[in-house]
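Chemist:
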Amino acid sequence: MSAHGPYRVARGGDSSVDAALRRGSPLPFWFNGSACTGVEGDTLASALLANGVRIVARSFKFHRPRGVFSCGVEEPSALVQWGEGAGATPSVRSTLIRLCAGLDARVPSGWPSLDFDVGRVLDFTSPLWIAGFYNKLFKWPGWSLYEPVIRHLAGFGTAPTGADPDRYETRHAHCDVLIIGGGAAGLRAAWEAAARGARTILVEQSSQLGGRAGWDGSRIDGQPGDAWVRGVRETLARARDVRILTDTFAAGHYGHGVTTLVESASPREGARPAIRERYWIVRARRLVIATGAIEQPLIFCNNDRPGIMLAGAAHAYLRRHEVAIGRRVVVATNNDSAYATARDLQAAGVEVLAIADSRRTIDAAIQGQMGKLSIPVLTGSIPVDSHGFGALSGVSIGRLSDEDRRVDEVRQFSCDALAVSGGWNPSLALFSQAGGKLSYRSESRALEPIDSPKDVSVVGAAAQPHAGTTSSGVTAIGVRISPAGRSDRQWVDLRHDVTVADLELAIREGYSSIEHVKRYTTVGMANDQGKTSNIAALEIVARLRGLPVAQLGHTTPRPPVMPVTLGAIAGRAVGDQFAPSRQLPLHEWHVAHGGVMEDFGEWKRPTVYLLPGESRAQAIAREARTVRTAAGLLDGSSLGKIEVRGPDALAFLDRFYINNLTTLQPGRVRYGIMLRESGTILDDGTVVMLAPDQFLVTTTSGNAGRIANWLQEWRQCEWPQLRVACTPVTDQWAVLSLTGPCAREILASVPTDIDLSPEAFPHLGVREGRVLGIPARLYRVSFTGELGYEINVPARSAPAVWEALWNAGQSRGIQPLGIDALMLLRMEKGFLHIGTDTDGTTVPDDVGWGNVAAAKAADFVGKRSLPLPEHVRPDRLQLVGLVGATDLAAGAHLRLASSHAATDGWITSAGRAVLSGEPIGLALLRGGRALTGASVTVHDEGRTSTARIVGLPHFDSRGSRMHA
Amino acid sequence: MLRIPCPHCGVRDEPEFVFGGPSHVERPAFGVSDLEWTDYLFGRENPKGVHFERWLHEFGCGRWFNVARDTVTHEILATYRMGEPKPALPGPGGPDALRFPVVRGS
């Protein structure tokens, strides 16, 4: 007995015990509010066992009591909530938490307490909660009614709601050899790689190298295991180009030698680590899988009771942590590996009542050794049931008969712990992701590697699982599933509470593929990825279907192999660094003048400028009215701009637009629409001809990058012979858009050498010159329907020019123009907004540009698609105007009289006419152009009204204002 | 994640590239039938095995190039410049250099 916990045993005389455990000062910690004590080197699980805490958690579905079942990553039961507030992490395996002083772990499930949980009523009504229960039981009136209750009851823990206070980072690495697993096999592989001078990375998921060799008393190369591990570790530490990452697990393999790792900082009392987790992306020439094997459970009634643990884990707790899992222990196995556990428990003063082995015969040497220790061996026997309401108080062992299909004689043992071993299954998820093939082998009852990819090798227990080795070689291990008792009490997946009965139901209901059974029953789908359940599930399904297991195949082990936090994946890309945002040259000015900055793709743009006391709708109406009556000033710098130069620039551009560009003259600008090859509208914008071999193409703000790539793709892949170069210049040129009847007077009062008279500078003209002495390009274009100038100046000069225009416009009532008012103005004019008034199916004729496209003789991208039958149907969705309703809203659906269709179209843009206040809209309407003057029913979120179909535009149909 | 040997820049990670669909797709003359045209638009091989495709090295040299990739193993069998003909391929399990390409130094 010890101050470090009542289940701590005295250190044995064996010198090979790893030095993980240093009996220094005790480490106080908290579990569910109770004070406990552990020691340096403990995990939370080992400390809880040392303190005699048996019930550590409640199960996911049935709230059954659960204890520590394993000692590693495979832990399906003992999950806790760890940490405080926003830094809390739910569902952490207690077997992986390194104990530190003051650690506070909680179990969120269990009410009113972990030891007495009224939710366990679910367990006693378990026949209701079968596979697919949520589809069967909770259909009426709807799942949404039941979901919150069921989520509350289910033991997933509580996700924190605040921002994660921890820091994470991403690192990249290259190496020749990446070795996953720092046990004896991985260490040997690293040693050999280092000796060859290979750049090597060795990854170990625990904090210590050596794995079992460090503590199980085995000998390697004639040395005690722990001494050998120390020697190799020192050699590697001295080697050049060897990086050892402990507390790091491999999360997934993604082909081409790319493996991701997650490295965790160890917990330190009272302080946050500088980096909590580091996400590694490693490119390796060779991958060595030394991931070992995971011990599998035996399946019998109530095999999930606290006190039942994997025998290898019981061994590890004893040898590494000097913790006994009980005082009176029964061992049950189907292979040789559990005998060492029995031997060492006995040596540590624990009473080992019996060993049940499901094999009929076992190795004579083992039999003799057990005889010397006076441990009875029950061959051909398997546990059939366990007893106790909470933790384990007894176990029934049955003798197998009738070729393992029945048990006859059952013996009861009164015990407080049962160590089980159902054989070892190699951890080959990464191997499989790297292209390796797995196959079930009946001798080992495990999925073993076959057919390694060329650059991947498997070593150690991952390659050759522990089978029943005898002095005469490998023999088959015994059965792992009890043939007796209720199958709805035989747990296959402890994490997701899936029983043998659930698998039986799935087969009865017609599921046959193991992948379908998995999805239906959720076996192996929990965040432990079925590390202790997949193999048993395979065997059970094969038995139910009467097939050899190998013929059933196996489920696909997809990444991540182990739970990865979102923080690790996000790394530094959080908050402001989640995505870069682009600011307009006048960003500060907009903010200072009440601009409401919103996201438009990656740009921050002012949607509206609010004056004190003004509503958003009032502000939009004011800005729009100002443009119709005086002038507005818009920062249009996000407009996409691509400079196209070269002797073939005109011929090149003409191949993209439905508009004929060959008649364009220097000093002129033309509006154009671009299509995809399928004939649908891709983008629109202007083409500015600066010189015979120099053009500027503008695109919609969100499409700048896409159109630049689009032009490049055609230039490089389809027309490499054309002498042309495309350069994106969006950021280089600021665009200050001055629009309204007073625009000319305002611009004229700013010093410029450009003649602004209508005769010298007509609509769709382009002039280069100076404004305020700054080199500028002026385009007379208009998106508002008013006289307009787009003043293009180098971005750094934009604030000076903007201020000058702003000051010059004060006497004429100039106002800043936000995006919302701009959209209203252009809608009134019937100008398209691509992506709003069009979608991925819209062709030019749908929006009134069919004649222009048809009139162009030369080929252009998408031209051949325009006469396809689908594109000339008279009942296509066509752009029309709507008026005459009391209100119109974008998104409302339209129904034509006597129509039986679900919808005949919808409103794409809507608002109130700038000067009259009358509701107006644009709509895509089935066969709409032929229906001008007719009525259409508008359905808007339950309200129904009637609107009249009109032609476009709604305002200034002669265009006299923009030609002024 | 693919590691793609750009013929202009060398081996780089997949996030630097943009996939551009099958390569060596001939754009038909304007006068073809609707059926031939729509086959050009939408008809695509979906081979199990070698697939010739084009990629853009957007966050690199900005150039389009061709890739021969095995759709089963993701093995990149060859990369070659735009405009070059399909290369003779070494068959499945080609040279190491293309299999797990590794760039030394940084």
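Protein chains in written order, with my numbering: chain A, 15 to 978; chain B, 9 to 114. Using N, Cα and C, we set each Cβ at its ideal position, and we do this for glycine too. Bear in mind the structure is a predicted one, so any value in this text is a computation, not a measurement.
(1) Determine the burial state of A/H186: buried for a count of at least 16 other Cβ atoms within 10 Å of its Cβ, exposed for fewer.
(2) Give the C-beta separation of A/A203 and A/I193 to the nearest angstrom, bearing in mind that I take them to be a contact with Cβ-Cβ under 8 Å.
(3) With a threshold of 8 Å between beta-carbons, can A/V270 be considered close to chain B, or not?
(4) When burial is assigned at 16 or more other CB atoms within 10 Å of the CB, is B/V80 buried or exposed?
(5) Can you confirm whether A/Q7, when its beta carbon is compared against all beta carbons of chain B, has any partner nearer than 8 Å?
(6) Should A/D649 and A/H604 be called a contact, given that it needs their Cβ atoms to be closer than 8 Å?
(7) Contact defined as beta carbons within less than 8 Å: I believe A/V70 pairs with A/V82. What is the distance between those atoms, to the nearest angstrom?
(8) Alpha carbon to alpha carbon, how far is A/R737 from A/D859? Give it in angstroms, no decimals.
(9) A/I921: buried (16+ other C-beta within 10 angstroms of its C-beta) or exposed?
(10) How about A/V785 and A/T798: do their beta carbons lie closer than 8 Å?
(11) By the three-class DSSP mapping on this structure, what secondary structure does B/L106 have?
(12) If you check the beta carbons only, do A/L896 and A/G935 fall under 8 Å apart?
(13) Quick check on A/S974: buried or exposed, where buried means 16 or more other Cβ atoms within 10 Å of its Cβ?
(14) Thinking C-alpha only, which one of A/A298, A/G560, A/R459, A/R425 is nearest A/N548?
(15) Beta-carbon separation of A/T347 and A/I369 under 8 Å?
(16) Flag this pair as touching only if the region 25 to 37 of chain B and the region 57 to 76 of chain B have three or more C-beta atom pairs under 8 Å; answer yes or no.
(17) Assuming A/A498 contacts A/V563 (C-beta within less than 8 Å), just tell me the rounded distance between them.
(18) Give me the subset of the region 56 to 69 of chain B whose CB atoms are less than 8 Å from a CB atom of chain A, sorted by chain position.
(19) Taking the straight line between their C-alpha atoms, what separation do you get for A/L664 and A/D707?
(20) Within the continuous beta strand (DSSP E) that includes A/K386, where are the two ends?
(21) Return the chain-ordered list of same chain residues with a C-beta closer than 6 Å to the C-beta of A/G754, the five sequence neighbours on each side being excluded.
(22) At what residue ranges does the region 42 to 68 of chain B contain a whole run of the alpha helix (DSSP H), taking only runs of 4 or more?
(23) Would you tell me roughly how many angstroms separate the C-alpha atoms of A/L696 and A/R720, rounded to the nearest one?
(24) Leaving out five residues before and five after A/V364 in sequence, what residues of the same chain have Cβ atoms less than 6 Å from its Cβ?
(25) For the region 613 to 626 of chain A, list every residue whose C-beta sits within 8 Å of some C-beta in chain B, in sequence order.
(26) Measure how close the beta-carbons of A/D502 and A/A515 come, nearest whole angstrom, since I'm counting them as under 8 Å.
(27) Please classify A/V135: does DSSP put it in a helix, a strand, or coil?
(28) Output, in chain order, the set of chain B residues within a Cβ distance shorter than 7 Å of A/G449.
(29) Where does A/T484 sit, in a helix, a strand or coil, going by DSSP?
(30) Is there a Cβ from chain A that is less than 8 Å from the Cβ of B/F108?
(31) Pull up the CB-CB distance for A/G925 and A/L846, whole angstroms please, since I reckon it's below 8 Å.
(32) CB-CB under 7 Å to A/P594, same chain, minus the five flanking residues each way: which ones, in chain order?
(33) Name the chain B residues whose beta carbon is nearer than 7 Å to that of A/R737?
(34) Chain B beta carbons: is any one of them nearer than 8 Å to that of A/S913?
(35) If you count every other CB in all the chains shown that lies within 10 Å of the CB of A/H530, and 16 or more means buried, which is it?
(36) State the beta-bridge partners of A/E804 as determined by DSSP.
Modeler: In brief:
(1) exposed
(2) 5 Å
(3) Just to set this straight, residue 270 of chain A is His in the shown sequence, not Val. Yes, contact with chain B.
(4) exposed
(5) The question about residue 7 of chain A has no answer here: the residues shown for chain A are numbered 15 through 978.
(6) yes
(7) 6 Å
(8) 32 Å
(9) buried
(10) no
(11) In this prediction, B/L106 has a pLDDT of 44, which is less than 50 and means its spatial position is unreliable; what the coordinates show is noted afterwards. If DSSP states are grouped into helix, strand and coil, B/L106 belongs with the helices.
(12) yes
(13) exposed
(14) A/R459
(15) yes
(16) yes
(17) Actually they are not in contact, since the Cβ atoms of A/A498 and A/V563 sit about 21 Å apart, beyond 8 Å.
(18) R62, L64, E66
(19) 7 Å
(20) Run containing A/K386: none in the beta strand (DSSP E); it sits in the alpha helix (DSSP H), 378 to 386.
(21) V641, A644, A645, G646, E800
(22) 42 to 50
(23) 10 Å
(24) A338, V343
(25) none
(26) 4 Å
(27) helix
(28) T81
(29) Caution is warranted here: a pLDDT of 46 is assigned to A/T484, below 50, making its placement in the model unreliable, and the coordinate value is therefore given only provisionally. Note: A/T484 maps to strand in three-state DSSP.
(30) Confidence in B/F108 is poor, its pLDDT being 41 and thus under 50, which makes the residue's placement unreliable; the coordinate value appears in the next sentence. It does: the Cβ of B/F108 has a partner Cβ on chain A nearer than 8 Å.
(31) Their Cβ separation, rounded to whole angstroms, is 15 Å, which puts A/G925 and A/L846 out of contact at 8 Å.
(32) E616
(33) In chain order: nothing, as chain B lies at least about 15 Å away.
(34) no
(35) exposed
(36) A/S751, A/Y793
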